[in-house]
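Trainee: For what it's worth, full-length UniProt numbering labels the leading residue of the sequence shown as 1, then goes sequentially.
Just so you know, even glycine gets a beta-carbon here, dropped at the ideal spot from N, CA and C.
Fair warning: this is a prediction, and the values are worked out from it, not measured in the lab.
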Amino acid sequence: MDIFWPSVNSPERADFDMAQALKRLLIAKMRAKKLEDPTYAVLFVLVDKTTLRIRVDKTYYTIEEASIRFGISVDEILSEKARYHALVTTNSEKRKSNKRNGDMNEVPANKAPKL
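Shown next, in the form of structure tokens:
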């Protein structure tokens, strides 16, 4: 069985990003309820990559069903997706700038021939 991972700009990837954004919003909403009411239990939330369904505790929902059930609008999902994308790109840029260019002429000390 071959596993197919969609390319970065494919519609399947965009749907997965939407599902991930909805998952982050669901968890944030549950944590906010937990702060208000300590007896509230934060449920387990997972995004199934193959079917693009959101699993909340032991129940699977489509993206539309989950957003309606938990009262999260499409605008909120899109803004969360954009916020997360901006955060990830700035973090990756920071990581890129931390890397030092290697000197090709110098051999590491443990690889230098012993004379």
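According to DSSP, is Ile-54 helix, strand or coil?
Mentor: As a first step, residue 54 must be located in the sequence shown, where it is residue number 54. Looking at Ile-54 - three-state DSSP - the assignment turns out to be strand.
Trainee: Excluding sequence positions up to five away, which residues of its chain have a Cβ less than 8 Å from the Cβ of Phe-16?
Mentor: As a position in the sequence shown, residue 16 is number 16, starting the count at 1. Around Phe-16: Pro-6, Val-47, Lys-49, Leu-52.
Trainee: State buried or exposed for Ile-68, treating a residue as buried only when at least 16 other CB atoms are found within 10 Å of its CB.
Mentor: As a working mapping, residue 68 is identified with position 68 in the sequence shown. Burial call: exposed.
Trainee: Please state if the CB of Val-56 and the CB of Leu-43 are separated by a distance shorter than 8 Å.
Mentor: As a position in the sequence shown, residue 43 is number 43, starting the count at 1. As a position in the sequence shown, residue 56 is number 56, starting the count at 1. In contact: Leu-43 and Val-56 (Cβ atoms closer than 8 Å).
Trainee: Count the CB pairs spanning the region 82-93 and the region 56-65 that are closer than 8 Å, and state whether there are at least three.
Mentor: The answer is no - the region 56-65 does not touch the region 82-93, with fewer than three Cβ pairs under 8 Å.
Trainee: Roughly how many whole angstroms lie between the Cα atoms of residue 116 and Met-30?
Mentor: Lying outside 1 to 115, the shown extent of the chain, residue 116 is not represented and no answer is given.
Trainee: My output table needs one value for Tyr-40: the three-state DSSP class, helix, strand or coil.
Mentor: Counted from its first residue, the sequence shown places residue 40 at position 40. In the structure shown, Tyr-40 sits in coil (DSSP, three-state: anything other than H, G, I, E or B).
Trainee: Below 7 Å, is the gap between the Cβ of Phe-70 and the nearest heavy atom of the ligand ATP?
Mentor: The ligand ATP is absent from the structure shown, which contains no ligands of any kind.
Trainee: Let's see if you can read the secondary structure: which residues bound the beta strand (DSSP E) around Thr-62?
Mentor: The sequence position of residue 62 within the sequence shown is 62, counting from 1. Looking at the DSSP string, Thr-62 is not in any beta strand (DSSP E), and its letter there is neither H nor E.
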